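>
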Amino acid sequence: MTARKASAPSGEGEAGIHGQALSKSYGSARRAVHAVRDVSLKVRSSEFLAIIGPSGCGKTTLLRMVAGLETPTSGTISCWGRSPAELAREHRIGMVFQDPALLPWASLRRNVEFVYRAAGRRPDHERVHEALDLVGLTSLAHLRPHEASGGMRQRTALARALVMEPSLLLLDEPFGALDAITRRRLNGELERVWTAVRPTTVLITHSVEEAVMLADRVVVMSDRPATILREVTVPLARPRPTVLDETFRDTVRECMEALDA
Ligand SMILES: Nc1ncnc2c1ncn2[C@@H]1O[C@H](COP(=O)(O)OP(=O)(O)O)[C@@H](O)[C@H]1O
Ligand SMILES: [Mg+2]
1 MTARKASAPS GEGEAGIHGQ ALSKSYGSAR RAVHAVRDVS LKVRSSEFLA IIGPSGCGKT
61 TLLRMVAGLE TPTSGTISCW GRSPAELARE HRIGMVFQDP ALLPWASLRR NVEFVYRAAG
121 RRPDHERVHE ALDLVGLTSL AHLRPHEASG GMRQRTALAR ALVMEPSLLL LDEPFGALDA
181 ITRRRLNGEL ERVWTAVRPT TVLITHSVEE AVMLADRVVV MSDRPATILR EVTVPLARPR
241 PTVLDETFRD TVRECMEALD A
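Under UniProt numbering, the first residue of the sequence shown is numbered 1, with each subsequent residue one higher.
(1) Taking 8 Å as the CB-CB limit, is residue 161 close to chain C?
(2) To the nearest angstrom, how far is the alpha carbon of residue 139 from that of residue 111?
(3) In chain order, what are the residue ranges of uninterrupted beta strand (DSSP E) at least 3 long that sit wholly in the stretch 127-194?
(4) Leaving out the 5 sequence neighbours to the left and right, which residues in its chain are closer than 6 Å to residue 201 when beta-carbon positions are compared?
(5) Go ahead and label residue 59 buried or exposed: buried means 16 or more other beta carbons lie within 10 angstroms of its beta carbon, across all protein chains shown.
(6) Under a Cβ-count criterion, where at least 16 other Cβ atoms within 10 Å of its own Cβ denotes burial, should residue 71 be classed as buried or exposed?
(7) In chain order, what residues of the same chain have a beta carbon less than 7 Å from the beta carbon of residue 23, not counting five sequence neighbours either side?
(8) In whole angstroms, give me the CA-to-CA distance for residue 102 and residue 228.
(9) Can you check the stretch 194-256 for any alpha helix (DSSP H) of at least 4 residues that lies completely inside it and give the ranges in chain order?
(10) Starting from the Cα of residue 161, find the closest Cα among 255, 184, 190 and give me that residue.
(11) Is DSSP giving residue 76 helix, strand or coil here?
(12) State the start and end residues of the unbroken beta strand (DSSP E) segment that holds residue 35.
(13) If I follow the unbroken alpha helix (DSSP H) through residue 50, where does it start and stop?
(14) Using C-beta distances below 6 Å, list every residue in its chain close to residue 135, excluding the 5 sequence neighbours before and after it, in chain order.
(15) Do residue 173 and residue 206 count as a contact pair if the criterion is CB distance below 8 Å?
(16) Among the candidates 55, 77, 56, 27, whose CA atom is the shortest distance from the CA of residue 65?
(17) Measuring CB to CB, does residue 145 end up less than 8 Å from residue 94?
(18) How many angstroms separate the CA atom of residue 131 from the CA atom of residue 163?
(19) What number of angstroms, rounded off, separates the C-alpha of residue 216 from the C-alpha of residue 68?
(20) Whose C-beta lies closer than 6 Å to the C-beta of residue 142 among residues of the same chain, with five residues either side of it excluded?
(21) Can you tell me whether residue 110 is helix, strand or coil according to DSSP?
(22) Which residues bound the alpha helix (DSSP H) around residue 21?
(23) Please report how far the alpha carbon of residue 86 lies from the alpha carbon of residue 57, in whole angstroms.
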């Protein structure tokens, strides 16, 4: 398997993602919902950042601003010195959501290929093969989504997000709908895939364990409107130890204390 390391867009150095004083409100002034307030964060090139916070606090909104899908009400955001929208237009952002939203009539392989068609490009069959191989789907890629398990569907979504070798990988509770055993297994898979490719990654999750298992750094957000309560650097080598490791437990505890504060 020839996993290719992700590279930052050329000539942009190590700056990565830089959000400054980001705020987002929905609706008109009188009835406004303040989803995100004054969030500044940086993600270095090839860093894995996890964001945890209570449900409804504004995590998806923050991620959508990073993806260029939502315009901040105030504040600025740059991806290697450019706007998220520019990066998105060049198909340099890969995203995975809780719902994989696969085309039901197409095989898993076709679903990955479809990224190219949607971008108006000719499918790179070698890359499609590599991406499917990376997520362990080579022998099952002929199945259609309804014939595949939930875990396989999320692997397909991950392959689809990675196939065009994105500079930025955005994961919004990608395993949130899976059972605990599948979820744990896919965490291990994601760690392996990420280590092979090393795209700059932002993961949103409800699970503190998942965040600590996968990320270099964990950002703990408050209730809505989302502000940053604490940033915890994960002091664990890769591959990561088991959940029984003492440093792992200590780091999880530190994040939980920040959440509960
Ligand atoms: N498009 C929208 N229009 C209006 N309100 C929204 C929209 N998207 C999200 N919200 C509101 O913003 C708040 C934060 O939502 P969201 O970012 O989805 O939170 P999280 O991902 O942390 O659960 C919620 O109160 C939600 O109802
Ligand atoms: Mg959300």
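Yeah, the Cβ is synthetic: ideal placement off N, Cα and C, and Gly gets one too. Here the structure is a predicted model, which means the values were calculated and not measured.
On the basis of the coordinates in this document:
(1) Included in the structure is just one protein chain, with no chain C present.
(2) Each residue's alpha carbon lies about 15 Å from the other.
(3) Within the stretch 127-194, the complete beta strand (DSSP E) runs of at least 3 residues are 168-172.
(4) Same-chain partners within the cutoff: 48, 169.
(5) By the 10 Å Cβ count, residue 59 comes out buried.
(6) By the neighbour-count criterion, in which a residue is buried when 16 or more other Cβ atoms sit within 10 angstroms of its Cβ, residue 71 is exposed.
(7) So the list reads 36, 37, 38, 72, 73, 74, 75, once near-sequence residues are dropped.
(8) Those two C-alpha atoms are separated by around 33 Å.
(9) Unbroken alpha helix (DSSP H) runs of no fewer than 4 residues, entirely contained in the stretch 194-256, are found at 208-214, following chain order.
(10) The shortest C-alpha separation from residue 161 is found at 190.
(11) It is a strand residue.
(12) Under the DSSP assignment, residue 35 falls in the beta strand (DSSP E) whose first and last residues are 33-43.
(13) From DSSP, residue 50 is part of no alpha helix (DSSP H) but of the beta strand (DSSP E) over 48-52.
(14) Closer than 6 Å at Cβ, skipping near neighbours: 155, 158, 159.
(15) Against a cut-off of 8 Å, the Cβ pair of residue 173 and residue 206 comes out as a contact.
(16) Nearest C-alpha to residue 65: 77.
(17) For the pair residue 145 and residue 94, the CB atoms are not nearer than the 8 Å cut-off.
(18) Taking the straight line joining both Cα atoms gives about 5 Å.
(19) Spanning the two alpha carbons is a distance of roughly 24 Å.
(20) Sequence-distant partners of residue 142 (beyond 5 residues in either direction) whose C-beta falls short of 6 Å from its own C-beta, in its chain, are 107.
(21) For residue 110, the three-state secondary structure derived from DSSP is helix.
(22) It is not in any alpha helix (DSSP H) - residue 21 instead sits in the beta strand (DSSP E) that spans 17-26.
(23) The straight-line gap separating the alpha-carbon atoms of residue 86 and residue 57 is approximately 27 Å.
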